[in-house]
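The structure under discussion appears below in the form of structure tokens.
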Amino acid sequence: MDVDQDAPRGMKRTADEAGLPPEAPRRIKAGRHHNVINKIAAGEIIVAPMNALKELMENSVDAGSTSLEVLVKDGGLKLLQITDNGHGIERDDLPILCERFTTSKLKQFEDLQAIGTYGFRGEALASISHIAHLRVTTRTARSSCAWQAHYLDGKLTPPKPGQPSDPKPCAGRPGTQITVEDLFYNIPNRRRAFRSASEEYAKILDVVTRYAVHCSDVAFSVKKHGDSATGFSVSAAASKLDRIKQAYGAAVAKDAVEIGTHDSKWGFRASGYATNANYSAKRTKLLLFINNRAVESPAMKKALEQIYQVFLPKGAHPFIYLSLDIEPNRVDVNVHPTKREVHFLNEDEIIELVCAEIRERLAKVDTTRTFKTQTILPGIPPMTRPLCTKQQSTNQGMTSEEQPHPKTSTVKKLYENTLVRTDSKARKITSMLPPPPLLHSHGHANNNNNNPSSGSATQYITTDKEQVEIRLISIKNLRAEVRSSMHDTLTEVFASLTYIGVVDPHRRLAAIQSGIKLYLCDYGLAANEFFYQLGLTDFGNFGLIQLHPPLPLHGLLSLAADFEIENQKPSSATQPELDKTQIVNKVHSQLISRKAMLKEYFSLQISDDGQRLEAVPLLLKGYTPCMAKLPTFLLRLGPYVDWTDETACFRTFLRELAAFYVPERLERESVVPAQKSTLLGIQR
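Residue numbers (our numbering): 231 to 914.
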């Protein structure tokens, strides 16, 4: 018996089963609209602001530029501007500048086999003009003025509605300035995909620093819109090693080893720098350039990491800058829309030769290692049982007859005038003097022998704040000033000195020993210079001395102003008297207007309402400055700090901070007479 069965539920039915006419196949259209095509192509080439900047920088270097200035706003999405001093663009070439496939670097396909420039397709400016508002200002060396043009969708466009679209003459220096505004304004999905402006700015910095290391004789600078200081800069005269130091820090440059090899059989030459076994990072940093083009090569990176596994501990990675010059006819550069990848012949052989060179260089310098050690932490109780060496433990089990006797030799007689105490822990003559009584904070003797320390110990809280790498030119210049004025003999004296004692506390004179010589040192001036150089060294990375509770800022300034007015010398008839209210209000407003900078660079924290001082900088752990000098220090930040110039501002502020940290003059009566008599050689 035949039984009709329905089709299982949930299954699709064909048009015949549903009783519908079959759908006609879709026809192939001749092509999309040109704007759609151009937007799709632009989205493949310009993926992020960093890609646009990379294309523009390569065009500038191709134009013979020796200086590139980059200005960024909102991670390059709102504004991305690059200014160079290259050859410039002729006025007659401006109408077709942003059309696709217009270039002066390539005429026929065979030219790709010998291409020596970064660009060759003529798509960068065209792609940018389809997804952003583009403005070009350019001037050639023989032109009497600069020309400015606006572009949209690859064509000239008027700057404002109703105005002509032809290029306009304007003032400008030789070179080209390209301004990209509102990137991806017509692709909202792409624009929303970017997570933060700071992340895009970091990617832009990464691109610039890569090319800054590679492009010799070219100056680079990057700055955020509205900032007075540059985020990164390097001069045209800087060497390769100096560029690595500027871009990636002194630790990388210190441990970098120069590499270089070549082979005529495979038609390549390699050069660069690689860090030795003393340097390690969390990730491998590979700067790879093939024929001056920044590219990525997973095979090369993997091979280099395998080499360093022998020299570095687990989890440590190197820094490598590698430049490969390969014969152009062996390289295919047209394999990726953003030119991020290239293919070249004999890749395995070239990688093996490069790895062999790096392996050989690392083996030559692998004679010493530097390890970071942890010092003894404060508060850890001493060991109850002393440790002994293997030799000592062996000798303890022997009798006096069995123990080895030292070899007898002629001992040279030593004279007292040639003896040098090289160990500062050795007992000094001052240790035989009676200890001074402990003092309270107000200066009276403490007779309580059961409580040797009446005050509580200072508590330090360590945070996981990342070390800030300071790249300000002003700070680098100030550090260079200190290095240039360095005195080798004095440096050696202070490096090997042994403290003897205070000679004159009021004049802040102390006796120190270096070698067999005894010196009289003004420890006030020495401390002032020490804290100034310490401030330069740790600039932007100071610790904090939290004030609990916070102190009234206006009250501190008023207290210092009262002291200044009381100690003011009698003024002449022409010199006006100080107005306390005016002085305090002016200094107070200066500090409040710059509280963000004071917090970022100097760890001087003022409350949001500007009424209270919350923290002051900590220059040296274990040493707290005299807080009685705090009001005067704050008041002097007004008239004695040059707020108009960056270098002068940092210099004068650090000088005032050093003066604040210098120890106060001690009263002569506070020194124990027995100590004073012994140190001065006075018989009582």
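Where a beta carbon is used, it is the ideal one built from N, C-alpha and C, also for glycine. Since this is a predicted model, take the numbers as computed values, not measurements.
Taking the alpha-carbon of Val487 as reference, which of Asn508, Ala477, Asp493, Ser494 has the nearest alpha-carbon? Locating residue 487 in the sequence shown gives position 257, counting from the first residue. Among Asn508, Ala477, Asp493, Ser494, the Cα nearest to that of Val487 is on Asn508.
Considering only the alpha carbon of each residue, which of Gly479, Asp734, Ile417 lies closest to Ser751? By 1-based counting over the sequence shown, the position of residue 751 is 521. It is worth fixing the name first, because residue 751 is Cys in this sequence and not Ser. Out of Gly479, Asp734, Ile417, Asp734 has the C-alpha closest to the C-alpha of Cys751.
Put Gln536 into one of helix, strand or coil per three-state DSSP. Against the sequence shown, residue 536 aligns to sequence position 306. DSSP places Gln536 in helix when its eight states are reduced to three.
Cβ contact (3+ pairs, closer than 8 Å) linking the region 755-771 and the region 879-894: yes
So, do the region 430-438 and the region 286-306 have three or more beta carbon pairs nearer to each other than 8 Å? yes
Beta-carbon contacts of Ala379 that lie in its chain and below 7 Å, excluding the five residues immediately before and after: Mapped onto the sequence shown, residue 379 falls at position 149. Closer than 7 Å at the Cβ level, and outside the excluded window around Ala379, lie Leu324, Val366, Leu386, Pro397.
Does DSSP put Thr915 in a helix, in a strand, or in coil? No answer is possible for residue 915: it lies beyond the span of the chain, which begins at 231 and ends at 914.
I'd like to know whether the C-beta atoms of Leu364 and Cys400 end up nearer to each other than 8 Å. Locating residue 364 in the sequence shown gives position 134, where the first residue counts as 1. Locating residue 400 in the sequence shown gives position 170, where the first residue counts as 1. No, Cβ-Cβ distance for Leu364 and Cys400 is not below 8 Å.
Thinking C-beta only, is Glu582 closer than 8 Å to Glu526? By 1-based counting over the sequence shown, the position of residue 526 is 296. By 1-based counting over the sequence shown, the position of residue 582 is 352. No, the pair does not count as a contact, with Cβ atoms beyond the cut-off.
At the level of alpha carbons, what is the spacing between Asp436 and Thr505? Along the sequence shown, read from residue 1 onward, the residue named residue 436 stands at position 206. Along the sequence shown, read from residue 1 onward, the residue named residue 505 stands at position 275. Distance between the alpha carbons of Asp436 and Thr505: 19 Å.
Quick check: the region 520-536 against the region 546-559, are there 3 or more CB pairs under 8 Å? yes
CB of Ala757 within 8 Å of CB of Val892, strictly: Your numbering for residue 757 matches position 527 in the sequence shown. Your numbering for residue 892 matches position 662 in the sequence shown. Taking 8 Å as the Cβ cut-off, Ala757 and Val892 qualify as a contacting pair.
Under the three-state reduction of DSSP, which class applies to Ala546: helix, strand or coil? For the purposes of this step, residue 546 is taken as residue 316 along the sequence shown, with counting starting at 1. Here Ala546 sits in coil by DSSP.
Please state if the CB of Leu286 and the CB of Ile408 are separated by a distance shorter than 8 Å. Translated into positions along the sequence shown, residue 408 becomes position 178. Translated into positions along the sequence shown, residue 286 becomes position 56. Going by C-beta atoms, Ile408 is nearer than 8 Å to Leu286.
Hey, Val452 and Val291: beta-carbon distance below 8 Å or not? Here the question's residue 452 lines up with position 222 in the sequence shown. Here the question's residue 291 lines up with position 61 in the sequence shown. No, the Cβ-Cβ distance between Val452 and Val291 is not below 8 Å.
Between the C-alpha atoms of Phe832 and Asp555, what's the straight-line distance to the nearest angstrom? Position 602 of the sequence shown, counting from 1, holds the residue named residue 832. Position 325 of the sequence shown, counting from 1, holds the residue named residue 555. Their backbone Cα atoms lie some 46 Å apart in a straight line.
Please list the segments of the beta strand (DSSP E) lying wholly inside the region 385-426, counting only runs of 3 or more residues, in order along the chain. 398-400, 405-411
Name the two residues that bound the continuous alpha helix (DSSP H) containing Tyr509. Counting from 1 along the sequence shown, the entry for residue 509 is found at position 279. Tyr509 -> no alpha helix (DSSP H), and no H or E assigned at all.
Whole-number beta carbon distance between Ser837 and Glu830, since they are thought to touch under 8 Å: By one-based count along the sequence shown, residue 830 stands at place 600. By one-based count along the sequence shown, residue 837 stands at place 607. The pair is not a contact, with the Cβ atoms about 16 Å apart (cut-off 8 Å).
Is it the case that the Cβ atoms of Val817 and Leu787 are separated by a distance below 8 Å? Against the sequence shown, residue 817 aligns to sequence position 587. Against the sequence shown, residue 787 aligns to sequence position 557. Closer than 8 Å, so yes.
Do you know how far the Cα of Asn281 is from the Cα of Asp412? Walking along the sequence shown from the start, residue 412 turns up at place 182. Walking along the sequence shown from the start, residue 281 turns up at place 51. Near 15 Å, if we compare the C-alpha coordinates of Asn281 and Asp412.
Could you compute how far the alpha carbon of Gly289 sits from the alpha carbon of Arg369? Locating residue 289 in the sequence shown gives position 59, where the first residue counts as 1. Locating residue 369 in the sequence shown gives position 139, where the first residue counts as 1. Before going further, note that residue 289 is Asn rather than Gly in the sequence given. Going by the C-alpha atoms only, they are around 15 Å apart.
I'd like to know whether the C-beta atoms of Gly497 and Arg560 end up nearer to each other than 8 Å. In the sequence shown, the residue the question calls residue 497 occupies position 267. In the sequence shown, the residue the question calls residue 560 occupies position 330. Yes, these two residues count as a Cβ contact at 8 Å.
Should Gln633 go down as buried or exposed, given a rule of 16 or more other Cβ atoms within 10 Å for buried? Working through the sequence shown from its first residue, we reach residue 633 at position 403. Below a pLDDT of 50, predicted positions are generally treated as unreliable, and Gln633, at 49, falls in that range; the measurement from the model is reported next regardless. When all chains shown are included, Gln633 counts as exposed.
When you compare each of His573, Asn521, Asn522 to Ala529 by their alpha carbons, which one comes out closest? Taking the first residue of the sequence shown as position 1, residue 529 is located at position 299. Looking at the Cα atoms, His573 is the closest of the given residues.
Determine the extent of the alpha helix (DSSP H) in which Gln763 is found, giving its start and end residues. In the sequence shown, residue 763 corresponds to position 533, counting from 1. That run of the alpha helix (DSSP H) goes 753-767.
In whole angstroms, give me the CA-to-CA distance for Leu727 and Ser744. Within the sequence shown, residue 727 is the residue found at index 497, counting from 1. Within the sequence shown, residue 744 is the residue found at index 514, counting from 1. Taking the straight line from one Cα to the other gives about 5 Å.
With 16 other CB atoms within 10 Å as the buried threshold, where does Asn521 fall? Taking the first residue of the sequence shown as 1, we reach residue 521 at position 291. Buried.
In the structure shown, what three-state DSSP assignment does Pro735 receive? Along the sequence shown, read from residue 1 onward, the residue named residue 735 stands at position 505. Coil at Pro735, not helix or strand.
Count the other C-beta atoms from every protein chain shown that fall within 10 angstroms of the C-beta of Arg895, then say buried if there are 16 or more, exposed otherwise. The residue labelled residue 895 in the question sits at position 665 within the sequence shown. Exposed.
With a 10 Å radius around its C-beta and 16 neighbouring C-beta atoms as the bar for buried, classify Asp485 as buried or exposed. By one-based count along the sequence shown, residue 485 stands at place 255. Buried, since its Cβ has 16 or more Cβ neighbours within 10 Å.
For a test of the three-state rule: what should DSSP assign to Glu557, helix, strand or coil? Mapped onto the sequence shown, residue 557 falls at position 327. Reduced to three states, the DSSP call for Glu557 is coil.
Tell me, which residues are paired with Pro782 by DSSP? As a working mapping, residue 782 is identified with position 552 in the sequence shown. Beta-bridge pairing links Pro782 to Arg842.
Which residue wins for smallest C-alpha separation from Arg425, given the options Pro279, Lys475, Arg321? For the purposes of this step, residue 425 is taken as residue 195 along the sequence shown, with counting starting at 1. Considering only alpha carbons, the answer is Pro279.
Within this structure, are the beta carbons of Phe519 and His455 separated by less than 8 Å? Within the sequence shown, numbered from 1, the residue matching residue 519 stands at position 289. Within the sequence shown, numbered from 1, the residue matching residue 455 stands at position 225. No, the pair does not count as a contact, with Cβ atoms beyond the cut-off.
Tell me the DSSP secondary structure of Leu777 in three-state form. Taking the first residue of the sequence shown as position 1, residue 777 is located at position 547. The answer is strand: DSSP assigns Leu777 an E or B state.
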